[in-house]
Every structure is written in C-alpha cells, then in structure tokens.
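First residue of the sequence shown? That's -18 in the working numbering, and the numbers climb one at a time after it. We treat Cβ as the ideally placed atom computed from N, Cα and C, and that holds for glycine. From a predicted model like this one, the values you see are computed outputs, not experimental measurements. Have a look at the structure below, then the notes.
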Amino acid sequence: MVIKLINPQPNTLILPKDVEKCVLLVGGEDLPIVKKIIDEIANSEEIVHSRGFHTYRCRSISEGTPFTLAVTGVGPSCTEIAVTEYANCGARIFLRAGTSGGLSSTPKLGSVIITTEALRFDGVSDLYVQKSVKAVADTGVIESLMRSADSQSIEYTKGVTLTTSGYYAMGGISKNGVLSFGGYSIDSKFKPVALGKLQNIVARMSAINVDMETATLFVLSEVYKLKSGAVCGLSNRVPWEPGEQIEFTNLSLKNAIFVAVKAFDCLQ
C-alpha cells in the first residue's frame, strides 16, 4: 500500500515518515515510568506529542528492531484514535502493553496475561462491527509474545480479557452485587443491564483479567486488516480498595513492555 499524506494526522500530528511498521501501544500509563522502562531495552527519540498522544521512534538494543512507541490516554476512545491514525501512516502490527486487573485469585500479581480474545464491553467496537464479531488476537502475534516471555523467564498466562470503558465501575462490580467506591454506591433503580452482564461474566470466570483497550484494538485490527496482540501485567485484583491497585503497577508494566518489545524481534 502506497501512503501519500501531506498533512499531519489531526490528533497525534504524525506523518508517515514518523511511523514504523510495528507500533507499541501503551495506554493510560505514567509517561516517565514508561520512558524509563523503554530506555532499559531500546534507544528512543521523541518525534511529537499532541493532545496526550506521545510518539517515539525506537530501536531495540538486543536486535536493533525498529518500532514506534505510542503512549496514549486511557480507554477505548484513545485507542481508536491511535490505531486509526498510526495505521493511516503505515503501521501494520500493533502490540498493546499495559496493566490490568485480575478477575480471580490467580495468576500471580506482577505476571502478564497474553490475550487470545477480548470480551467487548468497550462501546467503541460496537460502532464498527456487529456484536457477534469476536475480538481476537492474531495467532502469529500470540506465538511471538509467548516466545518472548519464555526467553525472558517472565511468567505469563494465555487467556480471555474483559475490556470495558469504565474504570471505577469495574473496581466494585463483584462486591455483593453492589457497585461502590469511596463511600458512594449506585442506587438499585439506576443499575444498568450491562453491569449485570459483567457480574455474570466475572462469576463464571470466563475472563482472566480486565482492561480498557484490548477489544477496541482487536476489532479495529480486523476492520483495517492489521495484525495485533496484547500483553498486560496484572497490577491488582478486582474489586480493589484505594491504594490496593498500585502496589504491583510498575513491575507488571515493566514485564508487559519487556515481553512486547522482544516480540517485535520475532515479528520482523
């Protein structure tokens, strides 16, 4: 595909010359921490930042593999913008690396989840495809992520991720059927149907972890004919109380980024 764009993309301000074939998407994480982790395993140079989207040109230290680092805001809307605009500029392989909440007492906090399928409670994907369309990772990308984790002795679990557009809502969905956080509770007459569906999914343990980006990435990859995968560290367990959700954030994020960057070497 020949891409001829004269004007920068409207939100990220990127041009085709700024974007590699492989893009590492890190959504909703602390930028200085992400940059510190990346600097351990890659050489990086900031290209542009706009509206909370930060774009870096990177090259892995181990193999010299070029990739673009895209640090974005939280959630499906930011993911939609990023995937669309980076794809417009030539990106063809997307790996999401980030943190997530565990939906059971296992796996271990700090380990990573390599997503095979994402359950679509993100909202954005419904604007692109029918609800019956599954949000799935590329099988070759999954295999590359697994090889990467094995080569670095990073503990991982392969399975299903629940993607939602709500952050605090997910923090309390299994507390005796009551959505609550910080002393506030939703009155039963306002309880939405979608929340009940989420509670049933958690009760059945059909999903290992919950995040806010993966389903959107997978569906857009299907629509745009891209390859994508996701590896997210387990930083906490759902439901959580204030303070509980941050103890393993840095370790889980580091493990996820390390797995993703090494996987790019396998995908070249």
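Report buried or exposed for Ser233, applying the criterion of at least 16 other Cβ atoms within 10 angstroms of its Cβ. In the sequence shown, the residue the question calls residue 233 occupies position 252. Ser233 is buried by the Cβ-count criterion.
Looking only at its own chain, which residues have a Cβ that is under 8 Å from the Cβ of Ala244, when we skip the five neighbours before and after it? Numbered from its first residue, the sequence shown carries residue 244 at position 263. Within the same chain, Ala244 has close Cβ partners Leu76, Val122, Ser125, Leu126, Arg128, Ser129, Gly210, Val212.
For the beta strand (DSSP E) containing Leu6, name the first residue and the last one. Within the sequence shown, the letter at position 25 stands for residue 6. Segment 3 to 8, the beta strand (DSSP E) holding Leu6.
Would you kindly work out how many angstroms separate the C-alpha atoms of Val64 and Ile74, rounded to a whole number? Translated into the one-based positions of the sequence shown, residue 64 becomes position 83. Translated into the one-based positions of the sequence shown, residue 74 becomes position 93. The straight-line gap from Cα to Cα measures roughly 10 Å.
Give the range of the alpha helix (DSSP H) segment to which Lys208 is assigned. Position 227 of the sequence shown, counted from the start, is the residue given in the question as residue 208. Note, Lys208: premise wrong, no alpha helix (DSSP H); beta strand (DSSP E) at 208 to 218.
Here's the rule I'm using: 16 or more other beta-carbon atoms within 10 Å means buried, otherwise exposed. How should Gln111 be labelled? Position 130 of the sequence shown, counting from 1, holds the residue named residue 111. Around the beta carbon of Gln111, fewer than 16 other beta carbons lie within 10 angstroms, which makes this residue exposed.
Taking 6 Å as the limit between beta carbons, can you name the residues of its chain near Glu136, skipping five residues before and five after? Taking the first residue of the sequence shown as position 1, residue 136 is located at position 155. Closer than 6 Å at the Cβ level, and outside the excluded window around Glu136, lie Ser92.
I need the DSSP call for Asn231, collapsed to helix, strand or coil. As a working note, residue 231 is residue 250 in the sequence shown. Of the three classes helix, strand and coil, the one that applies to Asn231 here is helix, per DSSP.
Quick check on Phe239: does DSSP put it in helix, strand or coil? Position 258 of the sequence shown holds residue 239. Residue state, collapsed to three classes: helix.
Contact between the segment 112 to 120 and the segment 84 to 98 (3+ Cβ pairs under 8 Å): Three or more pairs of CB atoms, one per stretch, sit closer than 8 Å, so the segment 112 to 120 contacts the segment 84 to 98.
Go ahead and pull the three-state DSSP assignment for Pro(-9). Taking the sequence shown and counting its residues from 1, the one referred to as residue -9 is at position 10. The three-state secondary structure of Pro(-9), taken from DSSP, is coil.
Find out if the Cβ-Cβ distance for the pair Glu61, Leu207 is shorter than 8 Å. Along the sequence shown, read from residue 1 onward, the residue named residue 61 stands at position 80. Along the sequence shown, read from residue 1 onward, the residue named residue 207 stands at position 226. In this structure, Leu207 does not lie closer than 8 Å to Glu61 by Cβ.
Quick one: measure Cβ to Cβ for Leu90 and Leu6, integer angstroms, because I've assumed they're closer than 8 Å. Locating residue 90 in the sequence shown gives position 109, counting from the first residue. Locating residue 6 in the sequence shown gives position 25, counting from the first residue. Not really, about 23 Å apart at Cβ, beyond 8 Å.
Is DSSP giving Pro88 helix, strand or coil here? By 1-based counting over the sequence shown, the position of residue 88 is 107. Pro88 carries a coil assignment under DSSP once its states are collapsed to helix, strand and coil.
Taking the continuous alpha helix (DSSP H) assigned at Asp131, which residues delimit it? As a working mapping, residue 131 is identified with position 150 in the sequence shown. Its alpha helix (DSSP H) spans residues 120 to 132.
CA-CA distance, Lys2 and Ala68? Residue numbering aside, residue 2 sits at position 21 when the sequence shown is read from its first letter. Residue numbering aside, residue 68 sits at position 87 when the sequence shown is read from its first letter. Whole-angstrom Cα-Cα distance: 9 Å.
Identity of the residue in Ile182, Ala150, Asp131 nearest Leu143 by Cα: Taking the first residue of the sequence shown as 1, we reach residue 143 at position 162. Scanning Ile182, Ala150, Asp131 for the CA closest to the CA of Leu143 turns up Ile182.
Whole-angstrom distance between Thr(-7) and Cys70, CA atom to CA atom: In the sequence shown, residue 70 corresponds to position 89, counting from 1. In the sequence shown, residue -7 corresponds to position 12, counting from 1. Spanning the two alpha carbons is a distance of roughly 11 Å.
Which one or two residues does DSSP pair with Glu26 in a beta bridge? Within the sequence shown, numbered from 1, the residue matching residue 26 stands at position 45. Under DSSP, Glu26 forms a beta bridge with Arg38.
Hey, out of Ile18, Leu12, Ala196, whose CA is closest to Gly33's CA? By one-based count along the sequence shown, residue 33 stands at place 52. Among Ile18, Leu12, Ala196, the Cα nearest to that of Gly33 is on Leu12.
Ile(-13): buried (16+ other C-beta within 10 angstroms of its C-beta) or exposed? The residue you call residue -13 lines up with position 6 of the sequence shown. The residue is exposed, with fewer than 16 neighbouring Cβ atoms inside 10 Å.
Beta-carbon proximity of Ala188 to Val141, cut-off 8 Å: Counted from its first residue, the sequence shown places residue 188 at position 207. Counted from its first residue, the sequence shown places residue 141 at position 160. Yes, the Cβ-Cβ distance between Ala188 and Val141 is below 8 Å.
Residue nearest to Val242 in terms of C-alpha spacing, selected from Gly8, Tyr205, Leu50: As a first step, residue 242 must be located in the sequence shown, where it is residue number 261. For Val242, the closest of Gly8, Tyr205, Leu50 by C-alpha to C-alpha distance is Leu50.
Could you check if Lys170 is buried or exposed, using at least 16 other CB atoms within 10 Å of its CB as the buried criterion? By one-based count along the sequence shown, residue 170 stands at place 189. Here Lys170 is exposed: its Cβ has fewer than 16 other Cβ atoms, across all protein chains shown, within 10 Å.
When the Cα of Lys139 is compared with those of Asn190, Gly82, Glu66, which residue comes out closest? Translated into positions along the sequence shown, residue 139 becomes position 158. Among Asn190, Gly82, Glu66, the Cα nearest to that of Lys139 is on Asn190.
With DSSP collapsed to three states, give me the class of Gly177. For this step, residue 177 is matched to residue 196 along the sequence shown. In this structure, Gly177 counts as helix in the three-state DSSP scheme.
Just mark Leu108 as buried or exposed, buried being the case when its beta carbon has 16 or more other beta carbons within 10 Å. Taking the sequence shown and counting its residues from 1, the one referred to as residue 108 is at position 127. The residue in question, Leu108, is exposed, as its Cβ has fewer than 16 Cβ neighbours within 10 Å.
Check whether Gly56 and Ala237 have beta carbons under 8 Å apart: In the sequence shown, residue 56 corresponds to position 75, counting from 1. In the sequence shown, residue 237 corresponds to position 256, counting from 1. Taking 8 Å as the Cβ cut-off, Gly56 and Ala237 do not qualify as a contacting pair.
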